[in-house]
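Trainee: Just so you know, the protein sequences line up as chains A and B, in that order. Numbering of the first sequence is given in my numbering, commencing with residue 22 and proceeding in unit increments. Numbering of the second sequence is given in my numbering, commencing with residue 99 and proceeding in unit increments. All C-beta atoms in this analysis are idealised placements derived from N, C-alpha and C, irrespective of residue type, glycine included. What follows is a structure written as structure tokens; I'll ask about it next.
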Amino acid sequence: MKSLEPNLTPHSPNPADAAIVPQPAAKFNLRSLMQGDLGFIPVILTLALITIYFQITTSGVFLEARNLSNLTQQIVTIAILSVAAVLVLLLGEIDLSLAAVAYACSAIMATVSVYQGWNAGWAILAALVAGALIGLINGFFVAVLRVPSFIVTLAGSIGYAGLLLVVMGAQTTLVVRDPFIRALAPTYLPAGWGWGLPLLCLGLYALGVWYDQKRRSQANLPVKHPTQLVLQLLGATAVVVVLIFLFQSYQGVPQAVMIALGLVVIAWLILRKTTFGRHLYAVGGNAEAARRAGINVVQMKLIVFMSASMLAALAGVMMTSRSTAVATQISSTLLLNAIAAAVIGGVSLFGGKGSVWAVILGALVIGSLDNGLDLLNQDQGVKNMVQGGVLLLAVTADAVVRRAGFAKGKK
Amino acid sequence: MANITSSPTSDRPFVKGQTPRLQLKNISKSFGGVQALSHVDFEVFDGEVVGLVGDNGAGKSTLVKTMSGAYTPDTGEISIDGQPVAISSPQDSTRLGIETVYQDLALCDNLDVVANLWLGREAHRTLFPGFFRILDETEMEQKTIEVLKTLDVKIPSVRSPVASLSGGQRQCIAVAKTILRQPKVVLLDEPTAALGVAQTRQVLNLILRLKERGLAVVVISHNLHDVFEVTDRIVVMRLGKRIRTFETSQTTPERVVGAITGAETEEIEA
Numbered sequence: 022m023k024s025l026e027p028n029l030t031p032h033s034p035n036p037a038d039a040a041i042v043p044q045p046a047a048k049f050n051l052r053s054l055m056q057g058d059l060g061f062i063p064v065i066l067t068l069a070l071i072t073i074y075f076q077i078t079t080s081g082v083f084l085e086a087r088n089l090s091n092l093t094q095q096i097v098t099i100a101i102l103s104v105a106a107v108l109v110l111l112l113g114e115i116d117l118s119l120a121a122v123a124y125a126c127s128a129i130m131a132t133v134s135v136y137q138g139w140n141a142g143w144a145i146l147a148a149l150v151a152g153a154l155i156g157l158i159n160g161f162f163v164a165v166l167r168v169p170s171f172i173v174t175l176a177g178s179i180g181y182a183g184l185l186l187v188v189m190g191a192q193t194t195l196v197v198r199d200p201f202i203r204a205l206a207p208t209y210l211p212a213g214w215g216w217g218l219p220l221l222c223l224g225l226y227a228l229g230v231w232y233d234q235k236r237r238s239q240a241n242l243p244v245k246h247p248t249q250l251v252l253q254l255l256g257a258t259a260v261v262v263v264l265i266f267l268f269q270s271y272q273g274v275p276q277a278v279m280i281a282l283g284l285v286v287i288a289w290l291i292l293r294k295t296t297f298g299r300h301l302y303a304v305g306g307n308a309e310a311a312r313r314a315g316i317n318v319v320q321m322k323l324i325v326f327m328s329a330s331m332l333a334a335l336a337g338v339m340m341t342s343r344s345t346a347v348a349t350q351i352s353s354t355l356l357l358n359a360i361a362a363a364v365i366g367g368v369s370l371f372g373g374k375g376s377v378w379a380v381i382l383g384a385l386v387i388g389s390l391d392n393g394l395d396l397l398n399q400d401q402g403v404k405n406m407v408q409g410g411v412l413l414l415a416v417t418a419d420a421v422v423r424r425a426g427f428a429k430g431k432k
Numbered sequence: 099m100a101n102i103t104s105s106p107t108s109d110r111p112f113v114k115g116q117t118p119r120l121q122l123k124n125i126s127k128s129f130g131g132v133q134a135l136s137h138v139d140f141e142v143f144d145g146e147v148v149g150l151v152g153d154n155g156a157g158k159s160t161l162v163k164t165m166s167g168a169y170t171p172d173t174g175e176i177s178i179d180g181q182p183v184a185i186s187s188p189q190d191s192t193r194l195g196i197e198t199v200y201q202d203l204a205l206c207d208n209l210d211v212v213a214n215l216w217l218g219r220e221a222h223r224t225l226f227p228g229f230f231r232i233l234d235e236t237e238m239e240q241k242t243i244e245v246l247k248t249l250d251v252k253i254p255s256v257r258s259p260v261a262s263l264s265g266g267q268r269q270c271i272a273v274a275k276t277i278l279r280q281p282k283v284v285l286l287d288e289p290t291a292a293l294g295v296a297q298t299r300q301v302l303n304l305i306l307r308l309k310e311r312g313l314a315v316v317v318i319s320h321n322l323h324d325v326f327e328v329t330d331r332i333v334v335m336r337l338g339k340r341i342r343t344f345e346t347s348q349t350t351p352e353r354v355v356g357a358i359t360g361a362e363t364e365e366i367e368a
């Protein structure tokens, strides 16, 4: 990378006064906020509206620490499954087998744990390996044989639901006895971990932002306005501190929530900071261009489908831990909720657009509706109708924004 | 090899001994019963822009695809700087320093200019020595600005997604992308098609920049106005043959049109 074409660079001592008008400090306004790391404002407003509505109608129960702690633990499975959905959606594909994979893999874990007496670590590993194999099958049909992922994973979802029944045998539920597996989801972290881990992450984030700014200004590139950076960091810190206070005022930070957040952060780092992530977005944006740039599209798809199925297996493990049992009846809303969480958070169904942070906001919207309607003693029918409506709105917004973007891009 | 003037289809008064950057000799290619190219010679020199013109089906695209490695010719030989080379795939062609910008540009609309320019060859740095290789955005952004500056390409920001750029800007980004690979020859397929006046000017300006940089440039175009503005020589193809070569400065669009349509039959040399 160091030796850029020698005959191209001779007379450019200061790159910043180049073709691009230099902006020593980028303008700081609402627009830059919307385009930057805070592009989620519409979803946050939606979430705020939902919160206010339920806070009033449940006369204050909704925002109680106990309920919020509950709510966040309710959405862990959806959130992890949704991270998987995001990876696949970014590629411009879809995976409709995620829920079935989660159930089938957790059934495998439960079976080897209960009947074979495997210890928790091996049992969970078995679930993850099963997930990887299933992902390999999905990926093989999609990437190598080029069958539309919609069909492959739809067929897969039926097949893996069948696998679930085969693994479970005659029983409809299998209760897991292993104490480690049972403790995964319902455990609360001790205060030291609960405060320490998130604050450490925040510190590293701040350090990263500062280092990045330093390198950019050394390289004479436009840097963000300090005010914006400070606000950004303060905002993030405020959200984290308030959340931890809430958790601590009940029983502490739930371990399951921390695991889900950790997965989101890892996925975000991989997507934004590594070549693999960049190439994933490129394949989702224009697979042909990516192929011509030397990216191995087939391998990329295989890896993504495998990762997605492994994440689904992990979601299944967390789900089993929370309910202490595996059931043969696959939740009818789980898959759509996972995909909806991604789309509500702004991940495009058409590939290449969106951030994995979408998962948290989307899962919160869905979880809040679920939780709030429960508090109001609404039955499943009403919940389904409301959630269907919200999903439709989110997808419509995606389509409309995409059209607007194209109109702008073409001219 | 050194004596280009012996080429029957070339009427350019070459300096004796000057070696073309890229030369194709006696290239033939047929698809089934259709003879797409028959015994075509072609050459382009350093710091030269050659316009490749001809009616639809004249064989321009086939010829360019032969150079870019998309097609393998049935007969004939290709040489770079006088050295015979084998081009049997687009990768071969890229490795030999031949870059092609196709009409569809092959840009990822969802990525910004920097990401597009460096796609497939990103710069890295390590967080801790030895592991955690992450993208070096600063390095890539800096080099992007340098390249765009040397090519005199003007865009609002290197961090804006390519989807938000105009057609001319997108074309320029596609060309700049090839420049990062330090090519010897750049092939442009209809670079000004479907562009407005100002955008066309931007792209033509870019082509002249490439020439200034000493690159050999081949431009396929239907637009004779644009061809006359940037090229040094114009090669006319007709029915799979190279029938005429003009010095751009010593001819008129009317004569070129005549050659394209076959009206100037008495002047056909091949």
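By the three-class DSSP mapping on this structure, what secondary structure does residue 222(B) have?
Mentor: The count along the second sequence starts at 1 and reaches residue 222(B) at position 124. Correct three-state label for residue 222(B): strand.
Trainee: Are any of the Cβ atoms in chain B nearer than 9 Å to that of residue 52(A)?
Mentor: Counting from 1 along the first sequence, the entry for residue 52(A) is found at position 31. For residue 52(A), the pLDDT reaches just 46, beneath the cut-off of 50, and the residue's location in the model is therefore unreliable, although a value from the coordinates is still provided. Residue-level contact by beta carbon fails for residue 52(A) and chain B, as no gap is shorter than 9 Å.
Trainee: For residue 361(B), does the count of other Cβ atoms within 10 angstroms reach 16, so buried, or fall short, so exposed?
Mentor: Stepping through the second sequence from its first residue, residue 361(B) is reached at position 263. So residue 361(B) counts as exposed.
Trainee: Who are the Cβ neighbours of residue 367(A) in its own chain at under 6 Å, not counting the five residues just before and after it?
Mentor: Position 346 of the first sequence, counting from 1, holds the residue named residue 367(A). Excluding sequence neighbours, residue 367(A) sits near 375, 379.
Trainee: Taking the straight line between their C-alpha atoms, what separation do you get for residue 325(B) and residue 314(B)?
Mentor: Start at 1 with the first residue of the second sequence, and residue 325(B) comes out as number 227. Start at 1 with the first residue of the second sequence, and residue 314(B) comes out as number 216. Between the C-alpha atoms of residue 325(B) and residue 314(B) there is a straight-line separation of about 15 Å.
Trainee: Answer yes or no: does any C-beta atom of chain B fall closer than 9 Å to that of residue 233(A)?
Mentor: For the purposes of this step, residue 233(A) is taken as residue 212 along the first sequence, with counting starting at 1. For residue 233(A), the answer is yes, since a Cβ of chain B falls inside 9 Å of its Cβ.
Trainee: Give the straight-line distance between the Cα atoms of residue 416(A) and residue 216(B), rounded to the nearest whole angstrom.
Mentor: Residue mapping note: residue 416(A) aligns to position 395 of the first sequence, counting from 1. Residue mapping note: residue 216(B) aligns to position 118 of the second sequence, counting from 1. Their Cα atoms are separated by approximately 32 Å.
Trainee: Using a Cβ-Cβ cutoff of 7 Å, what residues of the region 201-215 of chain B are near chain A? List them in chain order.
Mentor: 204, 205, 206, 207, 208, 209, 213
Trainee: Compare the beta carbon distance of residue 180(B) and residue 118(B) with 9 Å and say whether it is the shorter of the two.
Mentor: In the second sequence, residue 180(B) corresponds to position 82, counting from 1. In the second sequence, residue 118(B) corresponds to position 20, counting from 1. In contact: residue 180(B) and residue 118(B) (Cβ atoms closer than 9 Å).
Trainee: Can you tell me whether residue 95(A) is buried or exposed? The criterion is at least 16 other CB atoms within 10 Å of its CB, across all chains shown.
Mentor: As a working note, residue 95(A) is residue 74 in the first sequence. The residue in question, residue 95(A), is buried, as its Cβ has 16 or more Cβ neighbours within 10 Å.
Trainee: Within a Cβ cutoff of 8 Å, which residues of the same chain sit near residue 345(A), ignoring the five residues on either side of it in sequence?
Mentor: Numbered from 1 along the first sequence, position 324 holds the residue referred to as residue 345(A). Result list for residue 345(A): 196, 197, 203, in chain order.
Trainee: Anything in the region 269-280 of chain B with a Cβ closer than 9 Å to a Cβ of chain A? List those residues in chain order, please.
Mentor: 275, 277, 278, 279, 280
Trainee: Indicate whether at least one CB of chain B lies closer than 9 Å to the CB of residue 59(A).
Mentor: If you number the first sequence from 1, residue 59(A) lands on position 38. Summary for residue 59(A): the model assigns pLDDT 47, below 50, so the residue's position carries little reliability; its value from the coordinates is reported in the next sentence. Chain B contact via Cβ: absent.
Trainee: Leaving out five residues before and five after residue 98(A) in sequence, what residues of the same chain have Cβ atoms less than 6 Å from its Cβ?
Mentor: Counting from one through the first sequence, the residue named residue 98(A) turns up at place 77. The answer, listed in chain order, is 336, 339, 340.
Trainee: Does residue 132(A) get closer than 9 Å to chain B when you measure Cβ to Cβ?
Mentor: Taking the first residue of the first sequence as 1, we reach residue 132(A) at position 111. False, the Cβ-Cβ gap to chain B never drops below 9 Å.
Trainee: Give every residue of the same chain whose Cβ lies closer than 7 Å to the Cβ of residue 451(A), excluding the five residues on either side of it in the sequence, and list them in chain order.
Mentor: Outside the displayed range of chain A (22 to 432) lies residue 451(A), so it cannot be described from this structure.
Trainee: What does the alpha-carbon distance come out to for the pair residue 306(B) and residue 263(B)?
Mentor: Here residue 306(B) refers to the residue found at position 208 of the second sequence. Here residue 263(B) refers to the residue found at position 165 of the second sequence. Whole-angstrom Cα-Cα distance: 22 Å.
Trainee: Within the continuous alpha helix (DSSP H) that includes residue 122(B), where are the two ends?
Mentor: Here residue 122(B) is taken as the residue at index 24 of the second sequence, counted from 1. Looking at the DSSP string, residue 122(B) is not in any alpha helix (DSSP H); the run it does join, the beta strand (DSSP E), is 120-129.
Trainee: Less than 9 Å between the beta carbons of residue 245(B) and residue 196(B), yes or no?
Mentor: Within the second sequence, numbered from 1, the residue matching residue 245(B) stands at position 147. Within the second sequence, numbered from 1, the residue matching residue 196(B) stands at position 98. Taking the C-beta atoms as reference points, residue 196(B) is found no nearer than 9 Å to residue 245(B).
Trainee: Going along chain B in order, which residues have a C-beta closer than 8 Å to the C-beta of residue 374(A)?
Mentor: As a working mapping, residue 374(A) is identified with position 353 in the first sequence. Correct list: 208.
Trainee: May I ask you to list, following chain order, the residues of the region 392-409 of chain A that have a beta carbon less than 7 Å from some beta carbon of chain B?
Mentor: Considering only beta carbons, no part of the region 392-409 of chain A lies closer than 7 Å to chain B.
Trainee: Can you give me the C-alpha to C-alpha distance between residue 371(A) and residue 348(B), rounded to a whole angstrom?
Mentor: Taking the first residue of the first sequence as 1, we reach residue 371(A) at position 350. Taking the first residue of the second sequence as 1, we reach residue 348(B) at position 250. The alpha-carbon atoms of residue 371(A) and residue 348(B) are separated by roughly 52 Å.
Trainee: How about residue 232(B) and residue 171(B): do their beta carbons lie closer than 9 Å?
Mentor: Along the second sequence, read from residue 1 onward, the residue named residue 232(B) stands at position 134. Along the second sequence, read from residue 1 onward, the residue named residue 171(B) stands at position 73. In terms of Cβ geometry, residue 232(B) and residue 171(B) do not form a close pair [threshold 9 Å].
Trainee: Do we get a CB-CB distance below 9 Å when we pair residue 304(B) with the residues of chain A?
Mentor: The sequence position of residue 304(B) within the second sequence is 206, counting from 1. Closer than 9 Å: no.
Trainee: Only counting the same chain, and skipping five residues up and downstream in sequence, which positions put a Cβ closer than 6 Å to that of residue 265(B)?
Mentor: In the second sequence, the residue the question calls residue 265(B) occupies position 167. Excluding positions up to five away in sequence, the list reads 293, 297.
Trainee: Taking any Cβ of chain B, which residues in the region 221-249 of chain A have a Cβ under 7 Å from it, in chain order?
Mentor: 236, 237, 240, 242
Trainee: So with CB distances below 8 Å, who are the chain A contacts of residue 181(B)?
Mentor: Counting from one through the second sequence, the residue named residue 181(B) turns up at place 83. Under the 8 Å cutoff, chain A gives no residues; its nearest Cβ is about 21 Å from residue 181(B).
Trainee: From residue 184(B) to residue 327(B), what does the alpha carbon distance come to, in whole angstroms?
Mentor: Against the second sequence, residue 184(B) aligns to sequence position 86. Against the second sequence, residue 327(B) aligns to sequence position 229. When rounded, the distance between both Cα atoms is 33 Å.
Trainee: Within 10 angstroms of the Cβ of residue 139(B), are there 16 or more other Cβ atoms? Answer buried if so, exposed if not.
Mentor: By one-based count along the second sequence, residue 139(B) stands at place 41. Per the 10 Å Cβ criterion, buried.
Trainee: Which first and last residues belong to the alpha helix (DSSP H) in which residue 219(A) is found?
Mentor: As a position in the first sequence, residue 219(A) is number 198, starting the count at 1. Per DSSP, residue 219(A) belongs to the alpha helix (DSSP H) from 212-239.
Trainee: Please decide whether residue 145(B) counts as near chain A, where near means a Cβ-Cβ distance under 9 Å.
Mentor: Stepping through the second sequence from its first residue, residue 145(B) is reached at position 47. No, because no Cβ of chain A sits closer than 9 Å to the Cβ of residue 145(B).
Trainee: Quick check on DSSP: helix, strand or coil for residue 215(B)?
Mentor: One-based indexing of the second sequence puts residue 215(B) at position 117. In this structure, residue 215(B) counts as helix in the three-state DSSP scheme.
Trainee: Under a three-way DSSP split, which group does residue 38(A) fall into?
Mentor: For this step, residue 38(A) is matched to residue 17 along the first sequence. Its pLDDT being 38, under 50, residue 38(A) is placed unreliably in this model, and the coordinates cannot settle the point.
Trainee: Where are the alpha helix (DSSP H) runs, 4 residues long or more, that stay fully inside the region 306-340 of chain B, in chain order?
Mentor: Within the region 306-340 of chain B, the alpha helix (DSSP H) runs of at least 4 residues that lie entirely inside it are, in chain order, 322-328.
Trainee: Anyone know if the C-beta pair for residue 193(A) and residue 397(A) falls short of 9 Å?
Mentor: On the first sequence, residue 193(A) is found 172 positions in, with the first residue counted as 1. On the first sequence, residue 397(A) is found 376 positions in, with the first residue counted as 1. Cβ atoms of residue 193(A) and residue 397(A): not closer than 9 Å.
Trainee: Taking the alpha helix (DSSP H) that residue 90(A) belongs to, which residues open and close that run?
Mentor: Translated into the one-based positions of the first sequence, residue 90(A) becomes position 69. Residues 86-95.
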